[in-house]
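Visitor: Residue numbering for the sequence shown follows this note's numbering, starting at -2 and increasing by one per position.
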Amino acid sequence: VQLQASGGGLVQAGGSLTLSCTASGSIFIIKYMKWYRQAPGKQRELVASINNGGSTTYASSVKGRFTISKDDAKNTWFLQMNSLKPEDTASYYCNLYFPPPSATNYWGQGTQVTVSS
-2 VQLQASGGGL
8 VQAGGSLTLS
18 CTASGSIFII
28 KYMKWYRQAP
38 GKQRELVASI
48 NNGGSTTYAS
58 SVKGRFTISK
68 DDAKNTWFLQ
78 MNSLKPEDTA
88 SYYCNLYFPP
98 PSATNYWGQG
108 TQVTVSS
């Protein structure tokens, strides 16, 4: 399985960006599609998650501003980021998790999001 992320960039505070991640290879039906982020000097944190059934979860810091969605036909998931703040600046990583019995994680390359004040 390979993940290809795209969509990062530089945006002013209050602006919007959409990240996308496309998976290729052997994709199981039952899965979790996630976005993590890591700012310099900080631990990687979970931003949002969506499962194959469409259930979503969000970090409290982004709830109401970010929306995770998916396109099953294209094995692609998205992170729509609105009302961006400077503290959202980080490298964003997409993650694909297959629960047990596989219990396997796959990661995309990071895409940089920089929010200027």
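Glycine included, each C-beta is placed from N, C-alpha and C at the ideal position.
#1: Under the DSSP definition of a beta bridge, which residues are partnered with N102?
#2: State yes or no: is the C-beta of L81 within less than 9 Å of the C-beta of V112?
#3: In the region 14 to 90, which residue ranges form an unbroken beta strand (DSSP E) of at least 3 residues, counting only runs that do not cross its ends?
#4: List the endpoints of the continuous beta strand (DSSP E) containing A2.
#5: Classify G11 as helix, strand or coil using the three-state DSSP reduction.
#6: May I have the straight-line CA-CA distance separating Q40 from K71, to the nearest angstrom?
#7: How about Q40: is its Cβ closer than 8 Å to a heavy atom in the ligand NAD?
#8: Three Cβ pairs or more, each shorter than 8 Å: is that satisfied between the region 86 to 99 and the region 21 to 37?
#9: Spatial neighbours of G107 within its chain, please: C-beta separation below 6 Å, excluding the five flanking residues on both sides.
Guide: The short version:
#1: Within the sequence shown, residue 102 is the residue found at index 105, counting from 1. Answer is Y94, bridged to N102.
#2: Counting from 1 along the sequence shown, the entry for residue 81 is found at position 84. Counting from 1 along the sequence shown, the entry for residue 112 is found at position 115. Yes. Within cutoff.
#3: 14 to 21, 29 to 35, 42 to 48, 53 to 55, 63 to 68 and 73 to 78
#4: Start at 1 with the first residue of the sequence shown, and residue 2 comes out as number 5. Unbroken beta strand (DSSP E) run through A2: Q(-1) to S3.
#5: Here residue 11 is taken as the residue at index 14 of the sequence shown, counted from 1. Coil, per DSSP.
#6: Sequence index remark: in the sequence shown, residue 40 carries index 43 (1-based). Sequence index remark: in the sequence shown, residue 71 carries index 74 (1-based). Distance between the alpha carbons of Q40 and K71 is about 30 Å.
#7: Among the components of this structure there are no ligands whatsoever, and the ligand NAD is therefore not found.
#8: yes
#9: Position 110 of the sequence shown, counting from 1, holds the residue named residue 107. The residues are S88 and Y90.
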